[in-house]
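Enquirer: Here it is, the structure, as structure tokens.
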Ligand SMILES: Cc1ncc(C[n+]2csc(CCOP(=O)(O)OP(=O)(O)O)c2C)c(N)n1
Ligand SMILES: Cc1ncc(C[n+]2csc(CCOP(=O)(O)OP(=O)(O)O)c2C)c(N)n1
Ligand code: SF4
Ligand code: SF4
Ligand SMILES: [Mg+2]
Ligand SMILES: [Mg+2]
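Structure (structure tokens):
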């Protein structure tokens with residue numbers, strides 16, 4: 001039941017540099033949305049700050065362009081208030097893994113059903129090309145006055161260590177392949193990471209389309225590759241994680257893209273809340289009535305006395 | 001060349017609850033300092049906020065009791081300004097892995113030569129026993145009105161994923177064992193994590209001394225256990241990480257303590273800076289002169305013209 | 001001590017007395033000195049505290065040492081004779097400065113170093129009536145009867161105290177039993193033992209001393225009294241006001257509100273859920289405010305609760321809410337600053353910060369509550385304002401109010417309305433101009449309403465898309481700021497500032513918990529021949545400039561006194577900024593302890609009659 | 001366009017002219033409209049900008065469309081005839097609002113939709129002299145000669161512009177060559193091609209038009225001129241002032257300062273390092289300020305540089321520095337807010353925020369620079385104050401100053417001193433009373449000095465250990481705040497506020513980059529018969545209350561005008577708070593573009609002569 005691509009386009013001009021990998025990510029998202037027939041009004045794209053975080057303006061769906069590093073907690077509030085929404089986070093590597101690393105770790109601990117799309121270009125694009133947390137030690141992209149002296153963070157490894165239950169990597173210029181990954185990530189129930197290798201044509205003269213050409217290979221084409229935890233035994237989880245981790249460390253002449261790890265057995269945060277509070281799964285807190293027609297509160301004096309009975313003393317004069 | 005324990009004691013009364021595991025951690029630190037003969041004036045203990053973060057006041061060495069979650073960046077500034085200082089961070093699990101998780105990840109990327117001692121009591125002690133990031137899902141320690149619905153973060157796994165080059169776990173009540181780990185961590189050149197299982201007698205009724213009794217075992221007593229990367233080949237690193245990770249996931253009937261992973265081959269951040277700026281290793285920026293006796297700046301007009309020559313135009317009237 | 005206070009408060013409320021009790025404690029879990037300071041009234045709900053006390057009950061030696069000078073001449077003291085020989089120099093938990101100061105005061109007063117020295121000083125020099133009880137002996141009896149371990153019996157130490165107090169106050173045993181049942185509901189054995197022990201003590205005390213402190217017949221007109229702390233009361237207001245999402249990161253003294261809400265997450269009435277509140281513990285305060293804003297965008301009434309250090313971290317997202325006209329309430333419990341400061345002590349030192357927090361300019365509402373009743377309605381109003389004006393609302397409280405326990409009459413539902421303004425839970429399908437410029441307050445479809453909207457922290461156009469066009473910039477900037485003018489014209493002045501009394505001898509200007517002490521001080525001073533007034537400030541933006549300006553015109557500068565829990569006289573600065581009136585007389589307190597009526601009275605006299613310009617208050621340990 | 005501006009500036013400076021140029025750009029990397037707006041003077045260093053311009057050079061169609069109304073009657077226009085037929089409706093990068101607004105203005109003025117329509121309007125209706133150059137043809141020539149690809153040749157588009165301009169201005173070719181060499185130092189081939197192309201164009205232009213805009217002989221008395229942006233100049237000040245540690249997290253418009261410092265990390269003079277600066281890119285701004293404070297504790301002069309969103313995150317640690325009497329400098333480049341706002345545009349909307357940022361009360365110094373000279377000395381002073389008074393210092397700048405390029409005479413070393421106050425790099429071994437209360441400013445041994453010290457964000461005793469004792473609380477609180485009084489008595493008033501001019505017809509009150517426009521407006525208005533004055537505010541705490549109060553006494557309220565880049569008139573509020581003087585006349589601009597002299601002049605006239613109360617300025621795209 002696919003819908004038309006046009007449904008997901010806005011008339012806002014994309015002011016990214018011509019050739020930027022971000023165009024490919026938007027295209028893949030739009031195609032994925034169309035194939036999943038997402039309702040734009042029930043879909044929310046939440047972003048941080050950076051070139052990549054301009055994404056929501058170019059897609060016809062609700063867009064919430066937030067603060068540098070804070071897309072995940074904004075998205076968390078939106079999703080928890082109304083779990084029936086499809087919530088997607090777009091952010092840069094600086095955004096999600098630099099200033100936002102704490103939230104990245106925390107969302108993994110919750111397994112909230114959102115998809116995080118990481119625009120991994122190894123630089124801080126919008127502030128003119130400083131080293132981002134995915135640039136490796138001693139590399140020197142062109143705006144740097146001296147080589148980078150921090151080590152790179154490995155998004156795949158960090159996501160797994162943090163508890164993400166779907167962890168994948170795509171390439172911005174392989175739009176159809178990326179689209180499939182995004183679709184799988186959205187369909188997955190739980191926190192999903194899609195790490196997208198995204199050439200920044202203006203500032204990243206190391207990790208260019210040329211660099212990636214010939215180096216990328218698809219995990220799904222590796223014989224016997226199966227990233228999914230099927231039985232959910234501790235042993236299986238450990239084994240799948242170990243294999244994913246091994247692949248995560250690969251870089252250089254051969255760079256894997258595809259799905260690294262999926263564990264569909266972990267309860268989502270929303271399910272956990274519903275376990276404690278059954279009403280939650282029927283009626284999102286964002287949609288519950290709180291007042292009568294006349295504006296009187298739902299909790300009137302009688303309800304108040306019942307809810308807070310143990311705080312109330314009936315005065316008994318003697 | 002050990003010195004006396006008394007040298008590391010202050011006369012400040014420890015206002016921890018009687019029986020708190022934090023007493024054991026202080027004792028282990030004092031013993032380690034004595035055996036390493038650390039100079040209290042050249043040692044700095046930096047802490048965040050929490051019960052655990054009161055630690056510096058009870059040890060006779062410089063103490064910097066900072067903000068909740070921010071001990072690592074304060075310590076970073078101190079160490080980078082004067083690398084000749086021995087810098088140790090003490091913090092709680094809430095402090096270092098909740099609000100401070102972003103800095104925890106970032107310090108791993110740098111491998112600054114500091115030691116991080118994590119007081120892991122699975123609760124927010126000082127705010128009265130809420131779930132901390134190391135409490136596991138569905139566990140309910142006694143102050144919680146309902147069971148915990150967040151997953152636990154695994155400090156060992158997160159540290160390895162973040163790039164820490166020395167990762168170990170100790171137990172607060174095994175003071176001598178912990179002391180040895182702390183000594184090794186301090187001697188290690190690079191960022192070291194010592195995850196200390198620390199019973200909170202007031203709020204944690206699950207992970208008590210009783211619970212740990214009989215469950216803990218020492219890694220170093222496992223046949224063939226060798227956490228150290230010797231050759232620094234990618235394969236060896238991967239293998240050591242995989243083994244450490246396996247051990248990190250163990251919890252329940254058998255819980256390992258000891259050293260999980262050590263890689264002495266990664267350059268420290270200080271060394272990287274010195275590579276770019278040789279003066280740095282001779283003379284810490286904190287100790288360089290900046291003015292002459294008379295208060296005149298070291299950079300006078302002549303030096304200024306040389307340093308900033310390319311910004312200066314000599315006016316040539318025609 | 002908390003247990004004693006709770007049981008006594010229930011017993012007193014049961015009989016129709018008004019009670020307030022302040023809880024003073026260290027930032028520490030076990031082992032440091034803490035105490036409860038109560039005030040009981042038969043005539044009205046007390047809202048302020050004062051010294052000296054007429055009746056003191058101490059569980060340990062440190063308390064005796066610390067509070068020796070707090071007991072009034074001819075008052076009553078209950079203590080454990082088992083600690084009689086303890087020396088002040090042997091209390092490791094006592095801070096060295098406190099010990100040194102007390103020791104020198106003792107020396108001056110000729111008091112020795114042991115508890116019995118202190119007690120005999122009180123008895124002889126201050127005619128205090130002493131009730132020494134051998135706790136060990138009492139508890140041994142209990143142990144035998146109920147077969148308790150030593151540790152179990154120790155928990156009944158506080159029973160001895162509240163029972164003895166109840167005896168002296170002439171409380172009937174039924175009311176005390178009621179208090180015990182309420183406190184230990186569902187724990188039958190504990191209730192039984194407490195009842196047994198307390199009735200025994202009450203009888204002993206009564207037999208020996210009568211009821212020397214018998215309270216007069218209560219005249220407070222209330223059939224029900226809520227017993228709750230300020231934290232609880234704000235939580236109750238939020239529940240009534242329709243809160244559906246509360247995020248928080250633990251912090252003193254705010255966390256108790258969230259714990260309270262967690263316990264009432266499913267709003268169950270007769271076993272059926274009216275709705276539910278999602279209470280969400282986040283990884284830090286940045287996530288707390290960000291998720292609360294997110295929940296608000298999705299249509300849930302949302303709030304977060306915090307204190308100074310937490311609010312400091314929320315500042316960036318506060319501006320995002322302002323820029324995006326997003327409703328969110330921040331319930332802000334002030335504690336002693338700066339930095340970690342005095343985490344468990346009170347202050348009012350964050351007002352100016354909240355008024356200007358975050359870079360750039362945007363409208364916000366800042367209101368502050370002075371007593372539990374205000375706190376309850378303000379909690380509701382804050383959420384109404386946030387949605388009606390589509391902006392962040394900061395609701396200021398102080399630790400004094402938050403952690404004190406009050407007896408409060410039931411609020412009046414007539415005054416309560418839910419106002420969601422132009423919130424649209426359902427909207428026409430399709431792209432929607434969320435920031436329609438045709439009016440300052442635009443219709444606000446929530447995420448999931450059917451509309452498609454964009455939001456951006458960047459300056460944006462009517463659709464929420466980024467634009468740097470200078471003309472749009474001016475229009476959007478002014479649209480947002482204009483909402484403050486609208487709020488100014490709509491929110492009644494009576495809810496923003498109020499003048500109590502009309503005497504011209506002096507005008508106190510204060511806010512927050514100062515209210516209770518100020519109102520009582522007015523009365524005391526009137527009896528002493530000074531007729532004054534109290535200007536209580538409740539909303540700082542939009543500020544009730546005209547009203548305040550008018551009130552101030554009635555007074556010479558030398559008779560207007562700022563009374564605040566800070567050093568800068570922050571509210572007075574807000575007054576100056578808005579009205580140009582420079583306050584030049586100050587009564588300030590910044591020890592972290594509340595302003596007590598008697599020291600306020602004294603300070604006003606020193607200023608008005610003694611020509612002093614500034615008095616820094618310092619009573620209380 | 002930046003390249004053109006830089007080369008022209010160098011050429012002009014070489015001949016002794018003063019230049020200022022403002023850079024206006026979108027928060028975008030490639031593709032949006034950006035431009036450089038210059039002012040050249042033979043008489044003095046210009047510090048303000050104005051419209052209309054006399055000479056405009058455009059690289060593309062969007063520029064022509066956007067700036068058609070910015071060119072003065074009878075002025076000069078250089079453009080690429082290759083874009084003549086481009087329509088305004090076909091520029092995707094132009095924001096829809098801008099296009100709509102321009103289109104309606106065009107309609108009103110009777111201008112068509114193509115570039116040639118615009119050009120012919122300028123020529124016919126506004127008697128602008130048009131120099132159309134076929135860029136393609138020129139570049140084709142270059143390509144052939146040097147065997148360049150199309151893409152390579154495109155980089156020389158700006159050469160055509162600056163060369164044509166140089167020709168019209170009558171600049172000699174040597175000076176232009178000098179500019180080229182400076183800009184492309186070390187890239188011989190590029191230098192050669194630029195020289196070739198520019199000399200050709202200069203000659204062509206001169207041949208055809210003469211030098212109609214020939215500048216008069218410069219009279220500025222300087223043998224050397226620094227060409228630098230505000231960011232660079234602050235960096236230079238920090239280097240001279242002894243900075244040893246700078247942390248930062250990238251943000252516009254602050255990051256350029258850190259990049260500048262990174263390029264000068266090793267302070268090499270004749271191949272030998274005088275010292276080195278550690279420039280540290282952190283994971284966020286919280287880590288930036290925390291590490292800077294840490295480095296300061298260890299004894300390094302330390303600072304961090306940021307803008308609004310970054311400062312919002314630094315607020316909590318700012319309070320820690322205040323509480324721990326730790327020196328740290330925050331160089332704060334204001335941009336358009338709130339929230340992400342207008343990241344690449346200017347504003348002055350963060351003043352009140354910096355004054356009260358962080359919970360609780362502690363002393364801080366907030367100073368703001370109005371021109372490059374002030375910025376240089378303030379950068380040094382900020383570090384001196386931080387160490388002398390042991391507190392955080394916030395040095396405010398605005399994007400206007402930061403991103404404009406100036407020609408600046410060499411500073412005078414006579415005025416420069418390094419003052420580290422009571423900093424002890426070496427101290428007696430052993431436990432040290434870091435917070436000795438005997439004086440407000442205690443000796444400060446650094447970590448590693450030999451002393452053993454403690455610090456705590458909690459209220460602490462003289463050793464830095466936590467205490468909640470109320471008496472210590474009062475003493476420590478007052479000790480800290482007292483430092484502000486000391487600073488107030490020590491820092492000369494002339495460095496905190498200054499009155500320019502003495503006319504009584506009006507008084508402008510402003511700060512920051514307003515200074516340049518205000519001073520020029522004074523002159524223009526004097527010529528038009530209005531004698532006024534300008535009160536320039538430079539330090540907001542400790543505020544020069546007495547001086548400012550005295551100045552204001554000399555004026556009726558109706559003649560005092562706040563001139564600021566914000567909507568709340570923030571500095572005027574600070575004035576009210578301190579002096580009680582309520583400003584009631586305003587000239588405000590908040591489009592993100594600088595205040596231009598001509599609009600300021602006009603606004604003052606409307607207020608003083610037209611009886612208007614407030615003027616909102618809006619010139620500039
Ligand atoms: C709190 C804060 N700090 C700094 C900035 C400045 N800033 C804007 S974008 C950006 C980094 C962008 O890098 P990244 O997240 O990798 O996104 P990219 O532009 O590369 O897509 C920064 C630091 C900001 N907006 N907010
Ligand atoms: C910004 C901020 N938020 C919240 C707090 C309140 N707070 C004090 S201690 C603490 C948590 C302590 O837990 P942990 O770090 O695990 O240390 P522990 O007390 O268990 O040793 C919190 C949240 C604070 N001081 N600062
Ligand atoms: S700077 Fe890089 S990431 Fe940003 S738009 Fe340009 S190419 Fe893309
Ligand atoms: S609350 Fe827990 S962690 Fe804190 S001092 Fe007590 S036992 Fe230790
Ligand atoms: Mg990036
Ligand atoms: Mg803990």
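Residue numbers (this note's numbering), protein chains in the order written: chain E, 1 to 318; chain P, 1 to 318; chain X, 1 to 621; chain Y, 1 to 621.
Don't be surprised by glycine CBs; every beta carbon is placed ideally from N, CA and C.
In this text, all values refer to a predicted model and were calculated from it rather than measured experimentally.
Taking 8 Å as the CB-CB cut-off, is residue 8 of chain P touching chain Y?
Expert: no
Enquirer: Applying a beta-carbon distance threshold of less than 8 Å, which residues of chain E neighbour residue 557 of chain X?
Expert: Going along chain E, no residue has its Cβ under 8 Å from residue 557 of chain X, so there is no contact; the nearest lies around 45 Å.
Enquirer: Which term fits residue 40 of chain Y, buried or exposed, when burial requires 16 or more other beta carbons within 10 angstroms of its beta carbon?
Expert: Under a 10 Å Cβ-count criterion, residue 40 of chain Y is classified as buried, with 16 or more other Cβ atoms of the shown protein chains found around its own Cβ.
Enquirer: Is any heavy atom in ligand 1 found nearer than 7 Å to the beta carbon of residue 121 of chain E?
Expert: yes
Enquirer: Hey, is residue 303 of chain E's beta-carbon within less than 8 Å of any beta-carbon in chain X?
Expert: yes
Enquirer: Residue 441 of chain Y to residue 325 of chain Y, Cα distance in whole Å?
Expert: The C-alpha of residue 325 of chain Y is placed about 9 Å away from the C-alpha of residue 441 of chain Y.
Enquirer: Please state whether DSSP places residue 327 of chain E in a helix, a strand or coil.
Expert: What is shown of chain E runs 1 to 318, which leaves residue 327 of chain E out entirely.
Enquirer: Give the interface partners of residue 403 of chain X over in chain E, defined as CB-CB distance under 9 Å, in chain order.
Expert: Near residue 403 of chain X there are no residues of chain E at all, since even the closest Cβ is about 16 Å away, more than 9 Å.
Enquirer: Does any C-beta atom of chain X lie closer than 8 Å to the C-beta of residue 3 of chain Y?
Expert: Among the CB atoms of chain X, none fall inside 8 Å of the CB of residue 3 of chain Y.
Enquirer: Kindly indicate which residue of E/84, E/70 and E/88 has the alpha-carbon position closest to the one of residue 63 of chain E.
Expert: E/88
Enquirer: Just to confirm my understanding: we take residue 86 of chain X, look at its own chain, exclude 5 residues before and 5 after, and list those with CB closer than 7 Å. What are they?
Expert: Within the same chain, Cβ atoms closer than 7 Å to the Cβ of residue 86 of chain X are found at 61, 114 and 115, the five residues on either side in sequence being excluded.
Enquirer: Quick check: the stretch 275-292 of chain Y against the stretch 344-358 of chain Y, are there 3 or more CB pairs under 8 Å?
Expert: no
Enquirer: Considering just the uninterrupted stretch of the beta strand (DSSP E) at residue 28 of chain X, what are its terminal residues?
Expert: Note, residue 28 of chain X: premise wrong, no beta strand (DSSP E); not H, not E.
Enquirer: With distances taken from CA atoms, which of Y/181, Y/436 and Y/509 is nearest residue 477 of chain Y?
Expert: Y/436
Enquirer: Given 7 Å as the limit, tell me if residue 398 of chain X has its C-beta closer than that to any heavy atom belonging to ligand 6.
Expert: Here the distance from the Cβ of residue 398 of chain X to the nearest heavy atom of ligand 6 is not below 7 Å.
Enquirer: In this structure, does DSSP put residue 308 of chain Y in helix, strand or coil?
Expert: Here residue 308 of chain Y sits in helix by DSSP.
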